[in-house]
Amino acid sequence: MDNIMELKNITKTYGTKIKTQVLFGIDLEFKKGSFNSIIGQSGSGKSTLLNILGTLDRPTEGEIIIDSVNTNRMSEKELSTLRNRAMGFIFQFHYLLPEFTALENVLMPYRITKKPVTDEVIQKAQDLLKLVGLEKYQNNLAPNLSGGQQQRVAIARSLMNDPKILLADEPTGNLDSDTTEQIYELLRTINRELGTTFIIITHDRHIAEKADRIIEIKDGRIYLDIMNRL
Amino acid sequence: MRLALQIAVRFLRSGKAQTWFIILGIAIGVAVQVFIGSLIIGLQKSLVDKTIGSSSQITIRGDAPIDDYEALLSSLSSERRLEVVSPALDTVGTLYKDTTNTPIKLRGFEFDQSESIYHFADRLVEGRLPEVNEVILGLQFRDGKLLKINDIVEIDIPLVGSFNYTIVGFFDFKVAIINEQWGVTSLASVQTMLGITSITSIEMQIKDNYIFDANLISEDLKPNIGSLNISTWIDDNEELLSGLQGQSLSSIMIQVFVMISVVLGIASVLAIIVMQKSKQIGILKAMGIQNIDASFIFIFEGLILGILGAILGVALGVGLAFAFKEFAVNSDGSPVIPLTLDYGFIVLSMGIAVTASVVASIIPARKSSKLTVIEVIKNG
Numbered sequence: 580m581d582n583i584m585e586l587k588n589i590t591k592t593y594g595t596k597i598k599t600q601v602l603f604g605i606d607l608e609f610k611k612g613s614f615n616s617i618i619g620q621s622g623s624g625k626s627t628l629l630n631i632l633g634t635l636d637r638p639t640e641g642e643i644i645i646d647s648v649n650t651n652r653m654s655e656k657e658l659s660t661l662r663n664r665a666m667g668f669i670f671q672f673h674y675l676l677p678e679f680t681a682l683e684n685v686l687m688p689y690r691i692t693k694k695p696v697t698d699e700v701i702q703k704a705q706d707l708l709k710l711v712g713l714e715k716y717q718n719n720l721a722p723n724l725s726g727g728q729q730q731r732v733a734i735a736r737s738l739m740n741d742p743k744i745l746l747a748d749e750p751t752g753n754l755d756s757d758t759t760e761q762i763y764e765l766l767r768t769i770n771r772e773l774g775t776t777f778i779i780i781t782h783d784r785h786i787a788e789k790a791d792r793i794i795e796i797k798d799g800r801i802y803l804d805i806m807n808r809l
Numbered sequence: 013m014r015l016a017l018q019i020a021v022r023f024l025r026s027g028k029a030q031t032w033f034i035i036l037g038i039a040i041g042v043a044v045q046v047f048i049g050s051l052i053i054g055l056q057k058s059l060v061d062k063t064i065g066s067s068s069q070i071t072i073r074g075d076a077p078i079d080d081y082e083a084l085l086s087s088l089s090s091e092r093r094l095e096v097v098s099p100a101l102d103t104v105g106t107l108y109k110d111t112t113n114t115p116i117k118l119r120g121f122e123f124d125q126s127e128s129i130y131h132f133a134d135r136l137v138e139g140r141l142p143e144v145n146e147v148i149l150g151l152q153f154r155d156g157k158l159l160k161i162n163d164i165v166e167i168d169i170p171l172v173g174s175f176n177y178t179i180v181g182f183f184d185f186k187v188a189i190i191n192e193q194w195g196v197t198s199l200a201s202v203q204t205m206l207g208i209t210s211i212t213s214i215e216m217q218i219k220d221n222y223i224f225d226a227n228l229i230s231e232d233l234k235p236n237i238g239s240l241n242i243s244t245w246i247d248d249n250e251e252l253l254s255g256l257q258g259q260s261l262s263s264i265m266i267q268v269f270v271m272i273s274v275v276l277g278i279a280s281v282l283a284i285i286v287m288q289k290s291k292q293i294g295i296l297k298a299m300g301i302q303n304i305d306a307s308f309i310f311i312f313e314g315l316i317l318g319i320l321g322a323i324l325g326v327a328l329g330v331g332l333a334f335a336f337k338e339f340a341v342n343s344d345g346s347p348v349i350p351l352t353l354d355y356g357f358i359v360l361s362m363g364i365a366v367t368a369s370v371v372a373s374i375i376p377a378r379k380s381s382k383l384t385v386i387e388v389i390k391n392g
């Protein structure tokens, strides 16, 4: 299988006067359609790594190649477009726009492309809501949904532009265990059916063990990188 | 752009109370501006009206009577900044009636023009405007000299002779020297009486908007008038001019300060909105919204707040002005405060408020474009 994403010798240092190095020479490759988990204790650098993977942050040194394109020399504007077209994000705190309905939130990444919103596009958003089991709630404002429902809307939203990569930061971090289970089943289904590459950050080993590959980060270095199942 | 506009509208609607408070804040600023502006424009207009409104604002005089004045009149009439150009022929003499005799300044006018300056018809206490061999006199001739309408008086002009005039009215200028001395008749009457076809002066009034340009206008007229003398109201009323200019300046100062407070208000409120909405901006950025579009959300917010605030403000200001005009009246029904609603000024106030709101939103807009996703998700 081809690599969808490659990290070459990534380091990240914060601060100018007092320097804090968070990542030390990370080399990683992610295969197309794979389901990966990154685990590590808080402060290990895993969130920094995810931010760099998602082009939300730039590495101090090293290269990130996404879908055969080196992102180092891209402008902020080009990175925004890349994020919009190729990546989906799921955050721990859902981050839906509370001023918009579930359906409008799902449509948002598409509307950012500035392409006209056709009936087919709306149908697609409705299908995604159906996929996450929320077709009945499409006209509810985000705050009128439960935590698990909001996270499922966020997942539907992250899929709107058919991203190649889906990055998730503790996607079930503040959900109860039943909901957590449902969300993971959903993510795996999407991975199987749409072939989307998943990179999920979690501190929950139980969850991580369900991934194809487990990468453990410790003190800014790769401590463990094992294939869980093939 | 449409997305930015829609997000802006949703943001504003999501905090309805806050939005209405900001709009009210802008509206009060605009209302104060419209009200104070109308008040100052009105005061100025009424002051100008009362002081120099019923007199010649630019006057051309000759050392000797002016012959062939028709050409001069028509060249003056073509000056677009002048409201009215009125020829006058003045002479002095003595008025006799029975045992009474009193000095008189007899003024001959073309009433079609001079009415625009002196408004004799409005100032008549009794009677009507005079025709040939008829005269109207200042009120003091009636109250002090006990003359009556239809009295025939003899007016003696030194070196010329005596002429009989019928009194057809009395006017009150509320100025003692005019009420005591002026007799007014037609220009033709005085010309016939003196046996000449000339005039002694040309009196002019300036259009309202150019009232302070009197000296400029008189400079422009100079090439046309040859050796004649020209003077303006400013030459005769320097203190009045500085008073009026002081009023204009204070009006501008008030408007500047009102606008500054509006701008500061909007800028600070929008800055708070950026803080409140930083989560949303962060997530939009993670989804790939361009910085420029994120900035436009706040520019649109400023624009919407400015437009709604300006409309509400004008409604409040004009309403207040009308209320004052209608209800705060003197016993004779005239308003206590002479407000003048100048539509140009109202539109300008709205324009300034909207512009100020947009300018004020630039700071938070820039702030939003600097916001990074990581900052937001870190603080999640």
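Order-wise, the sequence lines are chains A and B. 580 is the number of the first residue of the first sequence in the numbering used here; add one for each residue after it. 13 is the number of the first residue of the second sequence in the numbering used here; add one for each residue after it. Just so it is clear, CB atoms sit at the ideal spot from N, CA and C, and this is done for glycine as well. Quantities reported herein were computed from a predicted structural model and do not represent experimental measurements.
Measure the C-alpha to C-alpha separation of V696 (chain A) and F679 (chain A) and round it to an integer number of angstroms.
16 Å
The beta strand (DSSP E) enclosing F777 (chain A), as first and last residue numbers
T776 to T781
Own chain partners of A665 (chain A) with C-beta closer than 7 Å, once the 5 adjacent residues on each side are dropped:
I645, D646, P742, K743 and I744
Answer with buried or exposed for N615 (chain A), where buried requires no fewer than 16 other C-beta atoms within 10 angstroms of its C-beta.
buried
DSSP three-state label for P376 (chain B), please.
helix
Per-residue contacts from K291 (chain B) into chain A (C-beta, under 7 Å):
Y674
G392 (chain B) CB to nearest chain A CB: under 7 Å?
Residue confidence is low: G392 (chain B) scores 46 on pLDDT, short of 50, so the model does not pin down where it sits. Its coordinate-derived value is still stated next. Interface residue, yes.
What residues in its chain sit with their C-beta under 8 Å from that of D636 (chain A), if we drop five residues either side in the sequence?
K591, T627 and N630
Is the shortest distance between the beta-carbon of P688 (chain A) and the beta-carbons of chain B less than 7 Å?
yes
Assign E215 (chain B) to buried or exposed, taking buried as 16 or more other Cβ atoms, counted over all protein chains shown, within 10 Å of its Cβ.
buried
Taking buried to mean at least 16 other C-beta atoms within 10 Å of its own C-beta, is G105 (chain B) buried or exposed?
buried
Three or more beta-carbon pairs under 8 Å between the stretch 268-284 of chain B and the stretch 788-798 of chain A, yes or no?
no
If you draw a straight line from the C-alpha of D248 (chain B) to the C-alpha of F121 (chain B), how long is it?
22 Å
Can you pull the chain B residues whose beta carbon is under 7 Å from the beta carbon of P742 (chain A), in chain order?
Per Cβ cutoff of 7 Å: no residues; P742 (chain A) is ~10 Å from chain B at best.
Alpha helix (DSSP H) runs contained entirely in the stretch 90-133 of chain B, provided each spans 4 or more residues
123-130
Ends of the alpha helix (DSSP H) at R140 (chain B)?
It is not in any alpha helix (DSSP H) - R140 (chain B) carries neither H nor E in the DSSP assignment.
Does I295 (chain B) get closer than 7 Å to chain A when you measure Cβ to Cβ?
yes
With three or more beta-carbon pairs closer than 8 Å as the criterion, would you say the stretch 40-58 of chain B touches the stretch 299-309 of chain B?
no
What residues in its chain sit with their C-beta under 6 Å from that of L720 (chain A), if we drop five residues either side in the sequence?
T680
Does chain B have any CB closer than 7 Å to the CB of R652 (chain A)?
no
Is the beta carbon of L602 (chain A) less than 7 Å from the beta carbon of L586 (chain A)?
no
Check the Cβ-Cβ distances between F777 (chain A) and every residue of chain B, and say whether any is below 7 Å.
no
Output, in sequence order along the chain, the residues in the stretch 14-28 of chain B whose CB is closer than 8 Å to any CB in chain A.
L15, I19, R22, F23, R25 and S26
Along the stretch 307-318 of chain B, what residues have a CB closer than 7 Å to any CB found in chain A?
none
Using a Cβ cut-off of 7 Å (strictly closer), state whether S647 (chain A) contacts chain B.
no
Would you say I242 (chain B) and N227 (chain B) are within 7 Å of each other, going by their C-beta atoms?
no
Can you tell me whether DSSP reads I618 (chain A) as helix, strand or coil?
strand
Is it the case that the Cβ atoms of Q671 (chain A) and G604 (chain A) are separated by a distance below 7 Å?
no
How long is the line joining the alpha carbons of T781 (chain A) and I272 (chain B), rounded to whole angstroms?
51 Å
Exposed or buried, E313 (chain B), counting other C-beta atoms within 10 Å across all chains shown (16 or more means buried)?
buried
Mind pulling the chain B residues with CB within less than 8 Å of P677 (chain A)?
S26 and Q292
Just to make sure I have the definition right: I need the residues of chain A whose C-beta is within less than 7 Å of the C-beta of V394 (chain B). Which are they?
Shown here, chain B extends from 13 to 392; a query on residue 394 (chain B) therefore has no answer.
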